[in-house]
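Peer 1:
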Amino acid sequence: MIPGAFAYHRPTSVKEAINLLAQFGEEGRALAGGHSLIPMMKLRLATPQHLVDLAGIAELKGIHADGRDIVIGAMTTQHDLIASELLSAKIPILRETSLVIADPQVRYVGTLGGNVANGDPGNDMPAVMVCLGASYHVAGKTGERRIAAREFYRSAYVTRLEPGEIVTGIRIPVPQAGHGYAYEKLKRKIGDYATAAAAVILSLNGGNVASCSIGLTNLAETALWAVEAAKILTGSALDAATVKKAVAAAEAITTPANDARGPAHYRTKMAGVMLARALAHAKERARG
Amino acid sequence: MPKSQVSMQVNGKAVDALVEPRTLLIHFLREQLNLTGSHIGCDTSHCGACTVDLDGKSVKSCTLFTVQANGADIRTIESMANADGTLHPLQEGFREMHGLQCGFCTPGMIMRAYRLLQENKSPTEGEIRFGIAGNLCRCTGYQNIVKAIQYAAAKINGVPFQEAAE
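Read top to bottom, the protein sequences are chains C and X. Here this note's numbering is used: position 221 in the first sequence is 221, and no number is missing along the way. When you read off a place in the second sequence, starting at 1, and then add 288, the result is the number in this note's numbering.
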């Protein structure tokens, strides 16, 4: 399969990239790892006239602590996330999630920025970012701004990014030391998008849940933040009856598609199963 | 659309070429450089038959434009055997352990296994299976591919290869 013809640009700074994207308007697309965009181009479902490759921009790479946050450059790959000692120590759910994305070859090139900015409900990182309360650094012709992950996604492939804007970094508040975490993903095979997946971050105090946040993947047009389920769990000892109630509350906000991954009612039930497993796993891992 | 000038190292040799920006790396390797060892399987980044080594990473060359590889150091299956024709331990392992039947996936399997062994000199069976999860084989059931990689790891590490009891 041969993509349509395009002109290739490889800027070396964010400013240059933004100027190019502003100049090309709807005929330009930013290229990150390319494992969503290039397949679309090969099918001619995407036919950009200009590709602006972000791979040559050094300032878009790297992972560093910034006060109570960790900031990850948009072009940081899933392979880099898995290898990062800082992330393994401070936000280990990112490693756990990266390891169930696609396959080794794809993780070498797939980027965190591409995963969160594309707006594909099948991508795993949006729900994790919603769960963690991350925000996205965005740059465009009119300047820079930050958008909370919880407000970023409007519907499938539709985000709050304006034309010509790109995500340059992902800012994540470091969860409390000793927190429990888990990302549980049901998929048909290695490399598949989730039939259903759940991200959980929680902290315990005397065996009871002091705080809890839950994100759900591929169960609606966008990643879901299961606020009601987390509220039910807060203050509990994660006893079976309370978990059952929370699972029901999480299932109630899902609106999955009927597709090759199964009928909607099955995927909703699997969301509940993934959440129950993630809660159990997070509880095991939490200290306090 | 104007062509782009690219320069890269392929199997240790400097290559300069003019390519259309839309030329995928697999097409460049096979059709312009006549390196037909890397295969086009699914053409959708699932099967891994087109896997090559690029700057110390395994990549699916059907999902990468040649212009993205400008300046890169690339290795394909053609670089694996020694100049005198003796085989790389991975190639020997695939032969000795019957790690292939039709052989279509083998170049991608070997290039992926090469990078895996660079990163992890003595992988467990589970690590091998996870490490080659991006490469599909429709013949072997993977069992003998895992053994072939274990054989190569043992040979590279200079220790006797012990086949696990089944």
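Don't be surprised by glycine CBs; every beta carbon is placed ideally from N, CA and C. Values in this document were obtained by computation on a predicted structure and should not be read as measured data.
1. Which residue comes first and which comes last in the beta strand (DSSP E) that contains Q293(X)?
2. Along chain X, in chain order, which residues have C-beta atoms closer than 7 Å to that of V52(C)?
3. Taking 8 Å as the threshold (beta carbon to beta carbon), is A291(C) in contact with chain X?
4. Starting from the beta carbon of Y136(C), find every residue of chain X whose beta carbon is closer than 8 Å, and list them in chain order.
5. Looking at I172(C) and D69(C), is the spacing between their C-beta atoms short of 8 Å?
6. Per DSSP, what kind of secondary structure is H386(X) in: helix, strand or coil?
7. Buried or exposed: which applies to E151(C), given that a residue is buried once 16 or more other Cβ atoms fall within 10 Å of its Cβ?
8. Under a three-way DSSP split, which group does P173(C) fall into?
9. Under 8 Å, do K245(C) and I253(C) count as touching if we go by C-beta distance?
10. Compare the C-beta of G191(C) against all C-beta atoms of chain X and say whether one is closer than 8 Å.
11. How would you label S295(X), buried or exposed, when you count the other beta carbons within 10 angstroms and need 16 or more for buried?
12. Against chain X, which members of the stretch 69-93 of chain C pass a CB distance test of less than 8 Å?
13. Taking Cβ positions only, does A421(X) come closer than 8 Å to chain C?
14. Does the Cβ-Cβ distance between M29(C) and A5(C) come in under 8 Å?
15. Within the same chain, show all residues whose beta-carbon is closer than 6 Å to that of I437(X), passing over the 5 residues directly before and after it, in chain order.
16. Using three-state DSSP, classify D103(C) as helix, strand or coil.
17. Please state whether DSSP places E407(X) in a helix, a strand or coil.
18. Bridge partners of V209(C), per DSSP?
19. Against chain C, with Cβ distances strictly below 8 Å, would M397(X) count as a contact?
20. Give me the subset of the stretch 245-279 of chain C whose CB atoms are less than 8 Å from a CB atom of chain X, sorted by chain position.
21. By the three-class DSSP mapping on this structure, what secondary structure does V347(X) have?
22. Please return the same chain residues whose Cβ sits closer than 6 Å to the Cβ of A127(C), not counting the five positions on each side in sequence.
23. Which partner residues does D69(C) have in the DSSP bridge list?
24. Give me the subset of the stretch 100-114 of chain C whose CB atoms are less than 7 Å from a CB atom of chain X, sorted by chain position.
25. Helix, strand or coil, according to DSSP, for K185(C) in the structure here?
26. Which residues in the same chain as E96(C) place their Cβ atom closer than 6 Å to its Cβ, once the five residues preceding and following it in sequence are excluded?
27. Identify whether A260(C) lies in helix, strand or coil by the three-state DSSP scheme.
28. Would L317(X) and S367(X) qualify as a contact pair, given that the criterion is a beta-carbon distance under 8 Å?
29. Tell me whether N208(C) is buried or exposed, calling it buried when 16 or more other Cβ atoms sit within 10 Å of its Cβ.
30. Any beta-carbon of chain C closer than 8 Å to the one on D361(X)?
31. Let's see if you can read the secondary structure: which residues bound the beta strand (DSSP E) around V340(X)?
32. Name the DSSP beta bridge partners of E370(C), please?
33. Pick out whichever of A337(X), K301(X), T311(X), H327(X) has its Cα sitting closest to the Cα of I2(C).
34. Report all residues from its chain with a CB closer than 6 Å to the CB of G472(X); omit the five preceding and five following residues, and keep chain order.
35. Taking Q431(X) as the reference, give the member of M399(X), K443(X), T324(X), F382(X) with the closest Cα.
36. Can you give me the C-alpha to C-alpha distance between P411(X) and L404(X), rounded to a whole angstrom?
Peer 2: According to the data block:
1. 292-298 is the span of the beta strand (DSSP E), which, as asked, contains Q293(X).
2. Result: empty, since nearest Cβ-Cβ is about 12 Å, beyond 7 Å.
3. Residue 291(C) cannot be examined here, being either before or after the span of chain C that is shown, 1 to 288.
4. The contacting residues do not exist; Y136(C) stays about 24 Å from chain X at best.
5. In contact: D69(C) and I172(C) (Cβ atoms closer than 8 Å).
6. Assigned with DSSP and collapsed to three states, H386(X) falls in coil, not helix or strand.
7. Here E151(C) is exposed. Its C-beta has fewer than 16 other C-beta atoms within 10 Å.
8. The answer is strand: DSSP assigns P173(C) an E or B state.
9. It is not a contact, given that the beta carbons lie outside the stated cut-off.
10. Closer than 8 Å: yes.
11. Exposed.
12. Only those residues of the stretch 69-93 of chain C whose C-beta falls short of 8 Å from the nearest C-beta of chain X are listed: H79.
13. Yes, A421(X) counts as interfacial toward chain C.
14. Looking at the sequence itself, residue 29(C) is Arg, so the reference to Met does not match. In this structure, A5(C) does not lie closer than 8 Å to R29(C) by Cβ.
15. Excluding residues within five positions, the ones whose Cβ falls inside 6 Å are A401, I416.
16. Here D103(C) sits in coil by DSSP.
17. Of the three classes helix, strand and coil, the one that applies to E407(X) here is helix, per DSSP.
18. According to DSSP, V209(C) bridges with L204(C).
19. No - not a single Cβ of chain C is within 8 Å of the one on M397(X).
20. Within the stretch 245-279 of chain C, no residue qualifies.
21. Residue state, collapsed to three classes: strand.
22. Counting only Cβ-Cβ distances below 6 Å, and skipping sequence neighbours, we find A199, G215, L216, T217, A223.
23. Answer is D66(C), P173(C), bridged to D69(C).
24. Against chain X - using a Cβ distance shorter than 7 Å - the residues of the stretch 100-114 of chain C are D103, P104, Q105, V106, Y108, V109.
25. K185(C) carries a strand assignment under DSSP once its states are collapsed to helix, strand and coil.
26. Taken in chain order, the residues that qualify are Y183.
27. Under the three-state reduction of DSSP output, A260(C) falls in the coil class, being neither helix nor strand.
28. It is not a contact, given that the beta carbons lie outside the stated cut-off.
29. Taking all protein chains shown into account, N208(C) has fewer than 16 neighbouring C-beta atoms within 10 Å of its C-beta and is therefore exposed.
30. Not a single C-beta of chain C is nearer than 8 Å to the C-beta of D361(X).
31. It spans 339-342 - the beta strand (DSSP E) in which V340(X) sits, taken as one unbroken run.
32. With chain C running from 1 to 288 in the structure shown, residue 370(C) is simply not present.
33. When each option's Cα is compared against that of I2(C), the closest is T311(X).
34. With chain X covering 289 to 454 only, the question about residue 472(X) has no answer from this structure.
35. F382(X) is the residue among M399(X), K443(X), T324(X), F382(X) whose C-alpha sits nearest the C-alpha of Q431(X).
36. Distance between the alpha carbons of P411(X) and L404(X) is about 8 Å.
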